[in-house]
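Quick note: the first sequence, position 179, residue 185 per this note's numbering, numbers continuous. Glycine residues also receive a C-beta, built at the ideal position from the N, C-alpha and C atoms. In this text, all values refer to a predicted model and were calculated from it rather than measured experimentally. See below for the structure under consideration.
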Amino acid sequence: MEAFQLLARGGARFDKRRFGEDVQLFDKAKRDKGKGVERVAEGDLPAELDFFKYAQGGPAKRSARADGEGEAEGHGETSDRRKKRKLTDEDVERTEKSDEDDPPMPRHRVTTKGSNVPEHINSFQQLQEKYQIPYNLLSNLSQCGYKRPTGIQSHGIPILMESRDIAAISPTGTGKTLSYLLPVMSLLGSPISRTKADLGAGVRALILAPTRELAHQIHNECLKLAQGRKWRVVLFSKATASTLADKSVRDKIDIIISTPLRLVSALQTGSLELHNVRHVILDEADRMLDAEFLSQVQEVIAACTHPEVQKAVFSATLPAGAEKVAMSMLRDPIRVVVGLKDTPLPLIAQSLTYVADDPSKLPTLLQYLSQPYNPPLLVFVSTQPRATSLAEELVLNGIPNVDCLHAGMTRKEREDAVTRMRRGESWVMVSTEVMARGMDFKGVREVINYDFPQSVQSYVHRIGRTGRAGREGKAITYFTNDDAPFLKTIANVLLQSGSSVPEWILKLPKPSKMKRRQMGKVKRAEAVNNASRVGRNDAIKKKEMIAGSKRRKEKASLKTQGSGAEQGSHSESPDAYRSLA
DNA sequence: AAAAAAC
């Protein structure tokens, strides 16, 4: 019992501290209310996140695509133009209108598939009437500023409440976490009570996420909903795992939130049983079901032997292959798709920027950072060393408040980086794919794909770090000559979600054809590039020399075209691409 | 197709 107290307190204390921070920010935000027109309760920016005072261009309002600016943006937008951009009357009007009429979230078409689909709800209050959701949960909900359900919430929650399995696909930043936390906590009824034998002994709900950071974030959300009741919500880590040695302790846990491998190792050492688990949620389902995670996830699910275990998968993207695997795991599932699958939010203004080659990226970014921008800016790179060295380069070049986050860092370093980000202390956050999924930093207005994303899914999730909870966002993707084989695929995604793409990119040959043509020589070069540190690294430079003088000759001729920084409009294709057309 | 992340 003492051990349990320790666990509960230890876990809770730590999280209260984190949560306390949030509360602090939230309170501060309340005090600062009324500063800006477009700020709604949930979206209040704490003073720490009020970067507009630094960015003289003001909030980068998205201009209507119809006025032709969309085309210019990114490819051709000159620094001058970007600097001068101001709110137009039309923009202001739109902002005000959306505040009055529109829900905080954009409306999406919702399609459901499956047998006996429960009717969706239109308000959270309806949940009380229809499903007797505990009042405590609803009151915590409104405490957190949730007013009306988003698309996935209004459709997903009833499905889960009726104990059905679900595969839910909903765009980034549309409230998926709440869609499963609320019903799971409601179905669990009350925190485990030692007197009710029918609840069984042992963990009753399990939430799996692909990264530590995301698990942590889900835990925080869960604690918000858990306020006022003695829920045992455990963020599974090495520390908590060791306190579970005592079976009477682990039998009293309500919900575990964890990454798969952590859980698998606990299962293998016998320090955890999952036979009483009634709800299993896979967040970022497609990621959880890809090659590296699949066997771990399967092992965990196999350990959930309770006959009435409810399973649910959630993601913004779900490629056909992953969907098949997911569906095979679910029992009589209902499939809910909000908006278009594998598509970013139209509220994110996306653009592509040509940067010729890897060495040209840094000057392009520095040039960008010398202009007014909206911090915090999230910069994605492909590898850990590149994240570290890009962050170093930016610091050396005098960029203030640069941070870095990748999985090669220690647990504490990673936590600190996230904390700085949450507090608004980071202005430029350089990161790998760790940050690409699920992370919810409300203040992020801009994402830069410094290294080209390796898949449509990666692209959608990365840029989905902005444009959250109905806010606007901006995403810029650098592309080099080496990215040619994948450019068109990504360009189609931009097009699909309402951003514009230069004609010439759309005219590129089919990716498959180009891949065949280019792969052989490009692949090797890319491997070297990926390993190389950004900018300078003599050892790698040497390797690169060996890699082929042929490729360098190509590069040399391209450089004369100017580094991306001075690029004008790219309505014309760069030379390197012209030969592909 | 491949890196990252999971420990």
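- In terms of Cβ geometry, R170 and R284 do not form a close pair [threshold 8 Å].
- Per DSSP, S264 is one residue of the beta strand (DSSP E) stretching across I261 to S264.
- Here P350 really is in contact with G470; their C-beta atoms are around 6 Å apart, less than 8 Å.
- Judged by beta-carbon spacing, L501 lies beyond the 8 Å limit of I454, meaning their Cβ atoms are not closer than that value.
- Inclusion of V462 and V401 in the CB contact set at 8 Å is not warranted, their separation being larger than that value.
- In terms of CA proximity to V123, V342 leads the group V342, V408 and V450.
- Taking a contact as a CB-CB distance under 8 Å, the pair L300 and A173 does not count as one, their CB atoms being some 16 Å apart.
- The continuous beta strand (DSSP E) containing Y360 extends over residues I354 to Y360.
- Between I262 and F242, the C-beta spacing is below 8 Å.
- By the neighbour-count definition (other C-beta atoms within 10 Å, threshold 16), Y141 is an exposed residue.
- S376 counts as exposed, since fewer than 16 other beta carbons sit within 10 angstroms of its beta carbon.
- Annotated three-state conformation of C310 is coil, per DSSP.
- CA-CA distance, I139 to V424, rounds to 33 Å.
- Burial check for N128: the Cβ neighbour count within 10 Å stays below 16, so the residue is exposed.
- Between the C-alpha atoms of Y360 and L371 there is a straight-line separation of about 12 Å.
- For V319, the uninterrupted beta strand (DSSP E) run begins and ends at Q316 to S321, by DSSP.
- Nearest C-alpha to A355 among K494, T483 and L144: T483.
- In this structure, DSSP gives D422 a helical state, which the three-state scheme calls helix.
- Between the alpha carbons of K258 and G208 lies a gap of roughly 6 Å.
- Taking 8 Å as the cut-off, the Cβ atoms of F320 and K182 count as close.
- The residue from A362, V408, Y456 and V385 with its alpha-carbon nearest to that of P580 is A362.
- Separation of the CB atoms of L212 and C310 is rounded to 7 Å, and the pair is thereby assigned contact status at 8 Å.
- Our two residues, E298 and S505, have alpha carbons roughly 33 Å apart in a direct line.
- Counting other Cβ atoms within 10 Å of its Cβ, E452 reaches 16 or more and is therefore classed as buried.
- A distance below 7 Å between beta-carbons, with the five flanking residues on each side excluded, links S264 to the following residues of its chain, in chain order: L214, A221 and F242.
- In its chain, beyond the 5 residues on either side, R210, A211, D260, I261, R284 and H285 have a beta carbon closer than 8 Å to the beta carbon of L194.
- E219 is not a Cβ neighbour of V408, given a cutoff of 8 Å.
- For I163, no beta strand (DSSP E) run applies; the uninterrupted alpha helix (DSSP H) run containing it begins and ends at G157 to M167, by DSSP.
- Taking every protein chain shown into account, the CB of E509 has fewer than 16 other CB atoms within 10 angstroms, so this residue is exposed.
- Taking the Cα positions, V436 is about 11 Å away from D457.
- In this structure, DSSP gives M435 an extended state, which the three-state scheme calls strand.
- At the C-beta level, T486 and G479 stay beyond 8 Å of one another.
- In its chain, beyond the 5 residues on either side, I158, K182 and V344 have a beta carbon closer than 6 Å to the beta carbon of S176.
- Where K494 is concerned, the enclosing alpha helix (DSSP H) starts and stops at A490 to Q502.
- Counting along the chain, T246 sits inside the alpha helix (DSSP H) bounded by residues K244 to T249.
- If the five residues before and after N282 are omitted, its C-beta is found closer than 7 Å to the C-beta atoms of G206, A207, G208, V209, R210 and H312, all from its own chain and listed in chain order.
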